[in-house]
Structure formats: structure tokens, C-alpha cells
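Data first, discussion second: the structure below is written as C-alpha cells.
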Amino acid sequence: MSEEMMEEGGTVKKFLYVNRKAPYGTIYALESLEVVLIGAAFEQDVSLIFMDDGVYQITKGQDTAGIEMKNFSPTYRALEMYDVEKLYVEKESMEARGLSADDFLVDVEVLDSTQIADLMEDQDVVLSF
Amino acid sequence: MLHTINKSPFDKGSLDSCLRTAKAGSAILFIEDGVYAATNGTAVAEKLKQAMGNVTVYALEPDLKARGVADKVMDGIKLVDYAGFVDLVAEHDKVQAWL
Amino acid sequence: MKFAVQVNEGPYTHQASDTAYQFTKAALEKGHEIYRVFFYHDGVNNATRLTTPPQDDRNIVNRWSELAAKHNLDLVVCVAAAQRRGIADADEAKRNGKDADNLAPGFRISGLGQLIEAGIQSERLVVFGD
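Residue numbers (my numbering), protein chains in the order written: chain F, 1 to 129; chain W, 1001 to 1099; chain L, 2001 to 2130.
This is the structure in C-alpha cells:
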């Protein structure tokens, strides 16, 4: 399937997914992740930014048994298999929430706001949820 | 880049997050409840005024009028209608929605 | 210019669908092309035939259907989000063993790939949400 798509147009754009909302309280975290997974088949140049409450999407130790919702956090670890490897966390958001890179269940690059700004400016398409 | 902000600055931190990461030369358009940030004498006025040194700020006039605050807009903020919104999208290379 | 629009919220509860509609209409009036309007999250609820809003206010679902008919718009409802929220066309209803379908005219149900494709094929993607 992917070979056909490459033959067709071959357009590769830089897609940025901006994740700013916490998991479970709303569905945005889960459903935006679903876009990333489906989108992976299109072989675009994908980056994910976690900022504001979005940093909570990738914290370790999520146990959803008590709220009877699916724990989808392991899916972030599967992103690598889909060639989605550019994961960034905004330093200010992380620190404001008393978190550090050790709290995350995936490898991320921590960038400060200025670096995040540069990264955002560099993209072609920005998806917000 | 064109940044759209649709929530009141007193309700959500979207304005702060946007201002932290908006590069000089970009544009911010307040829409829906976001237009309250464009009104005079608010707790965010100073912050916004400072940002206006680097970014161009717009507000969607139909949303200001709907909320009865169209006559309270800060100096320097440009009002646009939906056609103007479309023009802004066309003029900037991409749009980021701060939801 | 080719625009794509993403609508993340349902009718009435949030202004997102209204703003998206006004933007889409204005873009068409200016001669731009709307490549696709993609409804995601609760945005799929804009596609139910079964709303009966008060007579003295705008009919959001019908408005989208009418705009689509007038301009031959591609209004796409995400299948996964639709399944979660109970929006189905006849095929989906049959496939999932439901005794009714409710998709409004002018909308079609399809995969998330349509959103990505819209991002690739259009020149601007504008998102309306909460």
C-alpha cells in the first residue's frame, strides 16, 4: 500500500500534532493518538509536541482499573514501530507540573519554549485536538 | 504562522501558551470566546500589549459584536470579519489552533 | 487556494461548528476551494439527521447539508469517532447490527486517512474545536 502511495504523489509534508490536554478527563488525547497511528501509513514527516497538560499523556504508571477506562498509554511506546519518533516535550510545561524526563514512559526530547516555537514554525501542517 | 485562540484568557491558558511559542512576525486572531482578550483594561492587557510589539493581533468582529464588547477593543488590535479571517489564513503559511 | 477544515465539536454545545461553517462559506464566496470538511471527535454529531432544534434559531445540521449540496462539498465524518458516538449510515448500521441509521444528507462516513490526505492535498488546514 505504501509503495503505491509513494508512486502516486510522493508529497511529504511536515505534520505536527500538538497535544495540550490531559488523558482520560477528555477523549482528545486518545483520539489524537489514533490519528497519528492511522496517519503513519501516509509516511509523512511527523512530530508530536506535548505541552501544557498534554505532558500528562505520557507519564508512567497510569492505572485505569478503578475508572474502568482503557489505559492507552502503552500505545505511545508503539509509535516507534510506526516510524513516529520525533516526540518533544515543552520544558516549561513539564517543570510547571513538577515533572522531569524520568517521569515519561517514552523517550522524548525536552525543548524550551523558544525551541518549540522554532519547531512549530518549521512545520507544514499543524493538527490540534 | 497564524495562531487562532478561541477561549477566554480567564478560562484557559491558551493565550499564555500561544504567546510563549509564537515567533516574531506571526499573527494572532482571537475568535469565539477568545475575543475577550482583545478588550480594554483586562488583567491580560499588559501582556498582550507587549506581545503586540512582535506579533500582529486581530479579533473577529462578529464575535465581539455578539458579546457586546465591540466598542471596548484595545488600540492596535485589527478587526476582521469572516472574509478577513479567510484572507489571514491565505496570507500566512499555516494555521495553528490553540484550543 | 485549497483549504481543508477540521471540526472537532458537535452542534450547539460549542461554537466550533458555527465558526467552521461561517469560515467555509466565506472561503467559498471568495472563490477558494474547500477540499474537504472533516468531522472528528464530537464533530461527528453534526451529521445526525435527527436533530430538531428550535425553529427560531439556526439549524446547524441542515445548514451544512445545504452548503454541501450548493457547492458540492466533501463532508467527511470519521468512522471510528462516529461508531463511538452512534452516527451511522445504512451500511454502517447493517454492518454493526444496529436497527437504525441517522446520517444526514451531504455527509459521508470514512476513515481518518481522509484527514491526513486533506492535510497533504490542501494548502491550508484550519481546525475548529474546543
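For every residue, glycine included, the Cβ atom is placed at its ideal position computed from N, Cα and C.
The straight-line gap separating the alpha-carbon atoms of glutamate 90(F) and proline 2054(L) is approximately 45 Å. For serine 100(F), the secondary structure class from DSSP, reduced to helix, strand or coil, is coil. Here DSSP, grouped into helix, strand and coil, assigns valine 108(F) to coil. Put simply, the backbone Cα of phenylalanine 1010(W) is about 15 Å away from that of aspartate 2130(L). Only those residues of the region 2014 to 2027 of chain L whose C-beta falls short of 8 Å from the nearest C-beta of chain W are listed: Gln2015, Ala2016, Thr2019, Gln2022, Phe2023, Lys2025, Ala2026, Ala2027. Ala2080, Ala2081: these are the residues of the region 2055 to 2087 of chain L whose beta carbon lies less than 7 Å from some beta carbon of chain F, given in chain order. Each residue's CA atom was taken as its position, placing arginine 2063(L) and leucine 111(F) some 43 Å apart. Under the DSSP assignment, valine 125(F) falls outside any alpha helix (DSSP H), being part of the beta strand (DSSP E) whose first and last residues are 125 to 128. For the region 39 to 60 of chain F, the set of positions with a beta-carbon nearer than 8 Å to some beta-carbon of chain L reads Gly39, Ala41, Phe42, Gln44 in chain order.
Comparing alpha carbon positions, the residue from Val2126(L), His2071(L), Ala2068(L) closest to leucine 1088(W) is Val2126(L). DSSP links asparagine 71(F) through a beta bridge to no other residue. Within chain F, the residues placing a beta-carbon under 9 Å from that of methionine 1001(W) are Met120, Glu121, Gln123, Val126, ordered along the chain. Contact between serine 73(F) and leucine 48(F) is absent: CB atoms are separated by about 14 Å, not below the 8 Å threshold.
Around alanine 1097(W), the beta-carbon contacts reaching into chain L at under 8 Å are Val2126, Val2127, Phe2128, Gly2129. At a C-beta separation below 8 Å, glycine 1013(W) has these neighbours in chain F: Asp52. A buried status is given to valine 2076(L), since no fewer than 16 other beta-carbon atoms sit within 10 Å of its beta-carbon.
Put simply, of Ile2109(L), Ala2004(L), Thr2024(L) the residue whose alpha carbon is nearest the alpha carbon of isoleucine 2087(L) is Ile2109(L).
When Glu1046(W), Val1095(W), Ala1090(W) are compared, the shortest CA-CA separation from aspartate 1075(W) is found for Glu1046(W).
Between the region 2033 to 2040 of chain L and the region 1040 to 1055 of chain W there are fewer than three inter-stretch CB-CB distances shorter than 8 Å, so the stretches are not counted as touching. Here the alpha carbons of tyrosine 24(F) and glycine 54(F) stand approximately 11 Å from one another. For glutamate 2092(L), the secondary structure class from DSSP, reduced to helix, strand or coil, is helix.
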